[in-house]
Amino acid sequence: MSSARLALLIGLLLAFAPAAQAGLSVSNDRTAIATKLGHKFVFHSTIRNDSTAPAGGLVAHLNVVDLSGHTYVDPEDWSSHRTRYLAPIPAGGSTTLPWPMNAVNSGTIGVYVAVLPRSGAPVPPTTGPTLRVRIQDRKTLNSGGILPLALGLPALLGLMALGVRFRRAR
Amino acid sequence: MVVVAGQELRDLWLGGRGLVLSFALSLLLSVISYLVATNRALNFLEQRESVNLTLQVAIAVGALLALLTAADAVSGERERGTLESLLVTPVSRLEISLGKLLAALSLWAAAFVITVPYVWFLARGVGLVGNAIAVGLVVGTLLAIFLASFGFLISVFAASNRVSLSLSLLVLLALFVPTQLPSSAQQGWASDLLLRLNPMTAGEHYVGKIVTNGHAWSQDISWLVSPLIAAALFAATALVAGARFTRLRGGASG
Amino acid sequence: MSAAITARGVEKRYGSLVAVADLSFEVEAGEILGVLGPNGAGKTTAIRVLTTIFAPTRGSFDVAGSPHTCPTEIRRIIGVLPESAGYPERQTAVEYLRYHARLYGQSRLGARAVTKSLLDEVGLGERSRSLISTYSRGMRQRLGIARALVNEPKAVFLDEPTLGLDPAGQRQILSTIRRIAAERGATVLLSTHLLAEVEETCSRVLILSRGRVAAQGTVSEVARQAAAPRSGRLRVPREHVESAIAALQAVPGVEAASADGQPGLLKVTLAQTDGRPPEETMNAGLRALIEAGIPLLSYELEGARLSDAFLAMTEAL
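Chains as they are written, first to last, in this note's numbering: chain C, 48 to 217; chain X, 2 to 255; chain L, 1237 to 1553.
Encoded structure:
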């Protein structure tokens, strides 16, 4: 195919492709977060409506992705409030959403917010920038330290029970 | 009441049965905590879930032991032939009932005390020790009071000790079954209502929210309503029934 | 002196079944009342009503002045050994008695002291720290009696205390019961179906049959109520047999006098419609022999035994 024909095809595709939600943009209050395992953190995302008409029927959704390639991510573990149904945003207005999260695993994850219509119309969602979150590992459980407890307490109770039995039997 | 409770406690603990049961519980908790502690793939949430599991086991076992001890309280004395000697003393039936209930609840108290070091070990790394111990104590005590009172109530009226123990176990199983249903079966308002009404499922849910999800105590406080009401209602009923209906013969002819 | 135990028309009914009906009696302090009756006569039910285990359907009773409407007061002043009482197997006798002493309001020190003295009294002092599970039946009954005395009761109710014991054990228990009444001045109500126990131990007897009182009174009064043949046996020197028979037959109230097999042994039958107590008629016969110069070697008034009365009355109802 000649380059002219290719350009025409792309132009036609773009012309007839469903348009992204015009005028909507998503931004975060931070670009990166550093925290420790087990800590909670919060970031805010602002959804702006720069169009000339109110934007209604929108839903914002939080997504969590492992960036390091070896961190197990179950989004529900990281945040239990990942879907927000938005009130109409007036023309030129905005709405800011807080996203509280739990750092349940160490590693590096990417977090982003996507806004899409509730109607399910086939338009690409409006996404915000990726928030890079680095979670520092910390030792939360001393596996070696369990043995004295795991063995000691039953042994103590067992000895006490035996002692009482022998004493009664005498 | 102090005399009756004191003797019941002596029979339970110095007689050896209480210590044997406590030993069995500590063995169970040791296995759970060892498996958790040596699991290198454990993530933060799973550690919280392990604390939750430990608490749920302790509450379940402690409440079970309290239930079974209470279910033997009156019907067991009847069968052993020792009830009549107790009834001819000037101690009121209410004092006898209260003493026996307190002795049954001592098994929950012991279960809780045994659980504390395990919870401390598992929860300290995730900053959960105080909250976990406190919520375990509150919910476990409410459920233990409810179940012990229920078992005692059955014991007062049961025709035999076997009936009393069997019925108590059956009811406990019925209360526990919904906790094992898959989450898909727990959707919908009817299911939600049943889970809230059942003191066992409501208590288990509340502990889970505090320990696993890190909720504040007030966030899910409505789930504590049924355990609270069940504890108060059954305790009062058990004491009134014990005071009025503790008789030489159980069953319909009693 | 007011009676220690008074019952007035006590009835216990279970629906249409009347377990005890119109039970009325009085027992004085220090007396031992034997409650006799066959199995199912209502003895245990009667005791359970009097010891406030069961509430009477009708009637009233009081124990040492405490009315049946104040069961707690009655329980303070009675001791009870129930029929087939059970004992906690994992306790020692000391622990068991101390517990019961404390239930009656004794202090720890007081309970300790009374426990030691009671266990010594019933012969369990040396085995006081053994588990009750190692006790024989007789030892358990003695422990039960000790428990019944732990509060220095004014009235003691013993339901079949010798059940399942060998003769030696029975003798020991009965001896203890007599001591309770004599030394402590307590009123004892002893329920049993063994007539020998009642004859040996009790000053008064009450016979129950099918829930009703068949007879009550002293042992001899109750025995006399039976329509049993009344007779006596005498022994005189064999050369005086004929003259003795003649002398006896001349006494009013003597129906017949005859030799009874063995040399010198005479049987005297007393008239049933005489109206006089048999002892009086017999005394008249003895006087006749003495006046006739006939030596009397032995004599015994027979018939009208408690067992005769018991069988007669419990079959009649």
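From the three backbone atoms N, C-alpha and C, an ideal C-beta is built for every residue, glycine too.
- Between the segment 222-229 of chain X and the segment 162-175 of chain X, the count of Cβ pairs shorter than 8 Å is below three; the stretches do not touch.
- Around the beta carbon of R165 (chain C), fewer than 16 other beta carbons lie within 10 angstroms, which makes this residue exposed.
- The DSSP-derived three-state label of T1281 (chain L) is helix.
- Runs of the beta strand (DSSP E) spanning 3 or more residues and lying entirely within the segment 143-209 of chain C occur at 154-164, 178-183, in chain order.
- What P1318 (chain L) touches in chain X, judged by beta-carbon distance under 7 Å, is E85, S86, going in chain order.
- Bounds of any alpha helix (DSSP H) do not take in Y1340 (chain L), whose DSSP letter is neither H nor E.
- Taking the beta carbon of I193 (chain C) as reference, the chain X residues within 7 Å of it are S34, Y35, A38, F122, listed in sequence order.
- Within the segment 109-148 of chain C, the complete alpha helix (DSSP H) runs of at least 4 residues fall at 122-125.
- By the C-beta criterion, the segment 1315-1335 of chain L is judged not to be in contact with the segment 91-111 of chain X, since fewer than 3 inter-stretch pairs fall below 8 Å.
- Taking N1275 (chain L) as reference, the option from L:L1501, L:S1467, L:R1446, L:A1528 with the minimal CA-CA separation is L:R1446.
- By the CB criterion at 8 Å, P1324 (chain L) and I1368 (chain L) fall inside the cutoff.
- Within the segment 97-113 of chain X, not one residue has a Cβ closer than 7 Å to any Cβ of chain L.
- Membership of K87 (chain C) in the beta strand (DSSP E) is indicated by the continuous run 87-96.
- One alpha carbon belongs to V130 (chain X), the other to Q57 (chain X), and they sit about 15 Å apart.
- Between L1253 (chain L) and the set L:P1397, L:E1309, L:G1489, L:A1277, the nearest pair of CA atoms involves L:A1277.
- In its chain, beyond the 5 residues on either side, F90, H91 have a beta carbon closer than 7 Å to the beta carbon of D76 (chain C).
- Membership of I211 (chain X) in the alpha helix (DSSP H) is indicated by the continuous run 200-212.
- Approximately 17 Å separates the beta-carbon atoms of W146 (chain C) and L114 (chain C); this is outside 8 Å, ruling out the contact.
- A contact between stretches requires three or more CB pairs, one per stretch, nearer than 8 Å, and the segment 1253-1268 of chain L meets this requirement with the segment 1431-1440 of chain L.
- Per DSSP, K101 (chain X) is one residue of the alpha helix (DSSP H) stretching across 94-124.
- S156 (chain X) is classed as buried because its beta carbon has at least 16 other beta carbons within 10 Å across all chains shown.
- When the five nearest sequence neighbours on each side are left out, the beta carbons in the same chain lying within less than 6 Å of the beta carbon of S153 (chain C) are those of L84, I182, D184, in order along the chain.
- Taking CB atoms only, L200 (chain C) has a neighbour in chain X less than 8 Å away.
- Collapsing the DSSP output to three states places G1453 (chain L) in a strand.
- Exclusion of the five residues before and after G19 (chain X) leaves L13 as the residues of its chain whose Cβ lies within less than 6 Å of its Cβ.
- If you ignore the 5 residues before and after N162 (chain X), its C-beta comes within less than 7 Å of the C-beta of D73, S76, G77, E80, all in its own chain and listed in chain order.
- Classified as buried, F1393 (chain L) has 16 or more neighbouring CB atoms from the shown chains inside 10 Å of its CB.
- Spanning the alpha carbons of L194 (chain X) and V208 (chain X) requires a straight line of approximately 18 Å.
- By the C-beta density criterion, Q220 (chain X) is exposed, having fewer than 16 other C-beta atoms within 10 angstroms.
- Of the other Cβ atoms in all chains shown, fewer than 16 fall within 10 Å of the Cβ of W190 (chain X); this residue is therefore exposed.
- With contact defined as three or more Cβ pairs closer than 8 Å, the segment 1343-1362 of chain L and the segment 23-30 of chain X are not in contact.
- For R212 (chain C) and T1328 (chain L), the gap between their C-alpha atoms comes out near 14 Å.
- Taking CB atoms only, R1326 (chain L) has a neighbour in chain X less than 8 Å away.
- Bridge pairing for E1262 (chain L): L:T1242 [DSSP].
- Rounded to the nearest angstrom, the gap between the Cα atoms of A134 (chain C) and E205 (chain X) is 35 Å.
- In this structure, L:A1483 is the residue among L:R1365, L:K1279, L:A1483 with its C-alpha nearest to the C-alpha of M1518 (chain L).
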